[in-house]
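Sequential numbering of the sequence shown, starting at 120, is according to my numbering.
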Amino acid sequence: VLFRSDVLAQALDPRSAPPVRVATWVDAWRGEVFAALYDNGIEIVPPVVTSPELLLRGLVGRPTLFLGDGAVSFRDRILQAMPGEARFAEPVAPSLAGAVARLAAVQTVLPPPHEIRPLYVRRPDAELLRERQV
């Protein structure tokens, strides 16, 4: 299973910054982010969907590099919660195509295209709306 956060972490050029804690944030809408946390390239907090405020409480106290469109969306909140500790990758929301290719290149077994499926970590808005109407 490959998460978008894994691809974001792979997109970070290791030459651009010293090894640090990296928070990958994808805007999940509804005021939430899809996020994971890496330390020196190793996932230390698996992907979750939650509020930025809840995530930021656990990040305060150590320099963290933020990456992804969620970091763009919630930049002001990040800077307010972590003054002097928050850094942002350049570019903060990189293209993911090259990172996906690098990850695929190191795989020993690749699934056939028809077996690749999205993995949703929360129910779609359409399902929630349909339930509210019933």
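A virtual CB, placed ideally from N, CA and C, is assigned to each residue, including glycine.
As the structure is a computational prediction, the values presented were derived from the model and not from experiment.
Quick one: Cα of Ser192 to Cα of Asp146, how far? Sequence index remark: in the sequence shown, residue 192 carries index 73 (1-based). Sequence index remark: in the sequence shown, residue 146 carries index 27 (1-based). For Ser192 and Asp146, the distance between alpha carbons rounds to 7 Å.
Short of 6 Å in beta carbon distance, which residues of its chain neighbour Ile163, apart from the five on each side in sequence? Order them along the chain. Position 44 of the sequence shown, counting from 1, holds the residue named residue 163. Closer than 6 Å at Cβ, skipping near neighbours: Leu156.
Would DSSP call Glu103 helix, strand or coil? Since the displayed the chain opens at 120 and closes at 253, residue 103 lies outside it and no answer follows.
In the region 181 to 226, which residue ranges form an unbroken beta strand (DSSP E) of at least 3 residues, counting only runs that do not cross its ends? 183 to 186 and 205 to 207
In or out: Gly98 buried (at least 16 other Cβ within 10 Å) or exposed? Because the chain is modelled from 120 through 253, residue 98 falls outside the range shown and cannot be assessed.
Count Cβ pairs between the region 197 to 216 and the region 169 to 189 that sit closer than 8 Å; are there 3 or more? yes
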